[in-house]
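Residue numbers (mature numbering (1 follows the signal peptide of the UniProt record, and there is no 0)): -24 to -1, 1 to 970. All C-beta atoms, glycine included, are put in the ideal place defined by N, C-alpha and C. What follows is one structure encoded as C-alpha cells, with my remarks underneath.
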C-alpha cells in the first residue's frame, strides 16, 4: 500500500471503527470532563492551520454511532508545521487540568519513498485566556506541555491485517489562573490520527462517611491536603466534629469524628432511619434497633423504649433491654422445726420467679388466739403482730436464703408466719402479693432467768430478798429455787431453799460474812436458767468489842501468825522443788492432773482427745469460749456443710473491735449425737494457738442455732485459689505458702495431733496469702469398698492423699501426715491440679505400691521435687519430720537462686536435703535402662515386646504414639514423656534420673 493521504484516510476510518468501544464509557466519579471529543455528534469546529494539514474525519463505529477524529500524514512534503487548535475550554473551579489523548501513529520505516523528514512524535501545547479569542491565534502565544510519542506504532502490514495499535497518553497542565484555555496539537511531519481528546480535572466527590455528609471538593494545586468539614445527616448528632481531607488525586483521606443516630433511629444505607414497629432504641448511637424484650411492645415507629404488657412491670433501675417481669409466686413447701420457744422455718423457691433473679424473702410473724363469737365456744382467730423482742436469725426482711430461725417466742402459744417472696417489681404491684403461711404452736419451755434481785433487810444472821418474775415465765411459775453459799467456799458447800413467792428470808447466816446467791424459776417444763450471781453481806456482830489496848495485842498476834504461815509455805515450796528434781525420773511422776483426769507435762501443751471425756460438752466448755449470739451478725451464706450452713459475718465483743468471722451453724432437728459431733471440732480447734492454724473465736451452745465461730479467710481454700490464679505467683511466694503449712503441721505434730486429712482443699488462705490448716475432728473408718476411701462424718477422703501404710494397716501418724504434705506440695506447684489426674483409686493404690511417684509439675524447682520424693518414701521412718521440712524451706527462702534449677530439664539433685541415701532413684544411662525403668510403671504391660531402634527415635515419641501402644492413663503418659526428655538430655549432658 502506498502513502497516499487519501488511501491512508480510508484505512484509518476502517480501522478506527474496530477500536471504538461498543459499550458506554464510564469515568471514575472523581473525574469531571471539560471536553470529550467522542461525546460530540457533529463537527467539533476546531481550527486547522494550514488548511491542508490536520483534517477532521467523520465515521461510524460498529453500532453506527458517529465519531469525529483528526489525522495528518504529509510525510511526502518537506518542512511540515501543521497546527490544530481546540475551542475555548472553561476550566470551572479546577486549577490542575488533565489531558488524555488516544491516537495512532505510523512507523516511519514502514513508509516507502518518503521525500520529506518523517517524525514519530507531535507536540501538545496550551494557551490560557479569560474569554474566547475567536478563530485567530498566534503560535508564539502557546506554551508547550510535552512532546507526545507513541508507545506502539503501526506498519503497513498492520494495516493489511486490520491491526490498529491505539496509544493513550495523559498529561497534567497547571496551575491555571485564568477562566479558560485552548489546547493545540503541532505536527512537524508525522503520520498520526487523533482518535479522541478528553480534558478533565479531579475532585473529591460527594460522599457520606460515618453518617456525615461531605460535599464535592476540588483539590488545590499543591502537595497539601484540603480539610473539609462534614455535616451530620438527618436525625443524628455529632459525637466528635466530622472531618476529612481531600487529596490532589481526588481521594478522601483520614476520616476524623463521626455522627450518631438519635434515639429511635438506626443507621441504614448511610442514613438514620426510624426504628420499625416492634423495635426500639433508647440511646444515642449507631447500634441497630433492638427487638422489644419479652412481655413488652412498641406499636409505633421510632420508639425509645417498649411498654410492658398487662401485669408485667419494669423496675426503675432495669435497663430498657431487660424483659418486663412480674412479682414471684408464693414460696412452696414450708417446713417448721419447733424447739421449745424457737422455730426454724424452711421453704422452697417459688415455682414462678417472675422472670427475675433478685428474689428476697420477708417473714411476717403473727400471734394468734381464738376469740369467742356471740358467747359460743367456737370462735375465730384474731392475730396481731409479734412482740418487737422476737428475734429473727439472720433477719426477718431481705432474706436471700430459704431458711430463718425465730427465737424468743412465748411458750405454748399459737403463731402464724407469712413468708412472702419479693423481687424488684413487687412494690409496683401490691395487689399481686402472694405468700405462704404456716401456723405453729410452741412447746412448753422453761422460764427465762430472774433478772433483778433486791436486798430488803439485813441483820447479823439473816437477809431478806425480793425479785421480779422472769420476763418470759413461759407458763405458771410453780416455785423458785434459791441457792446460796459463802463466797470464800466457792460453791464447795451450798444451801438450797424453795419459795413460792417472789421474796424470801435467809436465816442462820454468819455475821459479817459475804455470800453469793442465784435464783431460778420452775414451771411444769422444768427449771429455767439461773440468774446472774448476786452478792450480799450480813451485818457485823455488835456484841463483839474490845479495848484499844487489847486490839493492839490482837493485831500483833495476828500479824505474827500470818508471817509464820507465809514463811512456812515458802520453805515448803522450796523443799518440794528440790525433792522433785532428785526423785524418780519416770515421766508420769512429773505430770500434772487435768480437769478430766488426763495428765499433762508441766510447760508442754499436749493434745487431749475430746472423745475421751465422759461428757463431751465438758470438753467444749473447757477448750472453747462461749459467745453471746447477740454479738454475732450473719451477713450471707457462703456454703453448706454436713451439719448446716456455713456463713460469713461479723463478731463484735464488748470493748473489742468488730472482726470478720466464718460461722458454721447446726441445722434444726438435730440429735444429741449430731450436736456432740458438731462441737467436737471446736473442742479440738480450741486447743490450738498458732498463726498457721485456723483460729477458733468461740462457740454458741446456749441458744439456737448452735454455732462454731472461726476467723474469716478471705481467699477460701488453697486448691481453688491456686486454680483461679494459675501461674500468677513467684517461686518465693509459693515456697512462703508451703512454709506456713509446714509450720502449722509442725505445731500439730509437737502437740501430738495427727491430722489425717491434709490436702490443699483443707488449707485456707487469707488476704495476705497466709495459709492456715483447717478441718479438724473428723473420725475415719476404712471401708471394704474397692475404691478404699475413708468414710468420715464430712464425706469420703480420697486415698490419693493417704500414705500406703494408712491405707493398708490404718497406721495414721505424723509420718503419714508428711506423705500427705508431699501431695500438698505437688498441688501447690501444679496450681491446684488433681493428683494422679484421672487414674482410679485402685490404679493409684497399685501404682504407688509398685513404686510409681507423681512426676514434677511444670517448671517445678528440683529442690522442691526432691522434697516431694522424700515425703513419699515407702518406709515411713525415712520420711522427713515437719521440723526438717520447715528448716529446708527456710534455707530455700534465704537462697532463692536455688529455685531457678527446675526438675524438668536437669538431673535430679542428689538426696542431700535429709542426708539419706535410701530415697535415691537410679539414673538412666542407656535406652535399655530407660525401658527397664518404664516397665515398672502401672502400664508396664503396654511396653512388653515394644522395641525402638535408637534413643533418638524414642525421644520423638508423642502422647499419641503412647496411646497406640496402650498407655491411655494421663499420669503415666506425662511421666513417660518427661522421662523421654530426660533420656534425650542424657545423650547430650550425661545420665538423668527417670
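Using the rule of at least 16 other Cβ atoms within 10 Å of the residue's Cβ for burial, across every protein chain shown, is residue i buried or exposed?
i           : result
residue 270 : exposed
residue 678 : exposed
residue 161 : buried
residue 562 : With a pLDDT of 35 at residue 562, under the threshold of 50, the modelled position of that residue is not reliable, and the figure given next carries that caveat. The residue in question, residue 562, is exposed, as its Cβ has fewer than 16 Cβ neighbours within 10 Å.
residue 776 : buried
residue 634 : exposed
residue 58  : buried
residue 548 : exposed
residue 663 : buried
residue 172 : buried
residue 846 : buried
residue 112 : exposed
residue 309 : exposed
residue 399 : buried
residue 792 : buried
residue 646 : buried
Per DSSP, which one or two residues make a beta bridge with residue i?
i           : result
residue 5   : Note: residue 5 sits in no beta bridge, so no partner.
residue 163 : 58
residue 639 : 623, 685
residue 674 : 685
residue 214 : 235
residue 148 : 74
residue 143 : 79
residue 855 : Partner(s): none; residue 855 has no beta bridge.
residue 447 : Note: residue 447 sits in no beta bridge, so no partner.
residue 158 : 103
residue 220 : 204
Hey, could you find the ends of the beta strand (DSSP E) residue i is sitting in?
i           : result
residue 434 : 429 to 434
residue 491 : 490 to 499
residue 398 : 390 to 398
residue 475 : 471 to 475
From which residue to which residue does the alpha helix (DSSP H) around residue i run?
i           : result
residue 830 : Neither: residue 830 is in no alpha helix (DSSP H) and is coded neither H nor E.
residue 30  : Per DSSP, residue 30 belongs to no alpha helix (DSSP H) and is neither H nor E.
residue 860 : 858 to 870
residue 650 : 648 to 661
residue 785 : 780 to 785
residue 799 : 790 to 805
residue 695 : 694 to 700
residue 707 : 707 to 727
residue 594 : 592 to 599
residue 611 : Premise fails: residue 611 lies in the beta strand (DSSP E), 608 to 616, not in any alpha helix (DSSP H).
Just how far apart, CA to CA, sit residue i and residue j?
i           : j           : result
residue 455 : residue 435 : 25 Å
residue 157 : residue 67  : 7 Å
residue 752 : residue 657 : 5 Å
residue 247 : residue 209 : 6 Å
residue 204 : residue 227 : 12 Å
residue 304 : residue 374 : 15 Å
residue 859 : residue 817 : 31 Å
residue 218 : residue 150 : 31 Å
residue 590 : residue 596 : 12 Å
residue 142 : residue 214 : 51 Å
residue 471 : residue 516 : 21 Å
residue 191 : residue 278 : 29 Å
residue 280 : residue 188 : 23 Å
residue 681 : residue 694 : 29 Å
residue 741 : residue 868 : 22 Å
residue 732 : residue 862 : 19 Å
residue 652 : residue 345 : 38 Å
residue 698 : residue 707 : 13 Å
residue 448 : residue 588 : 38 Å
So, residue i versus residue j, is the Cβ gap smaller than 8 Å?
i           : j           : result
residue 978 : residue 312 : Residue 978 lies beyond the stretch modelled for the chain, which goes from -24 to 970, so this question has no answer here.
residue 30  : residue 163 : yes
residue 257 : residue 186 : no
residue 9   : residue 176 : yes
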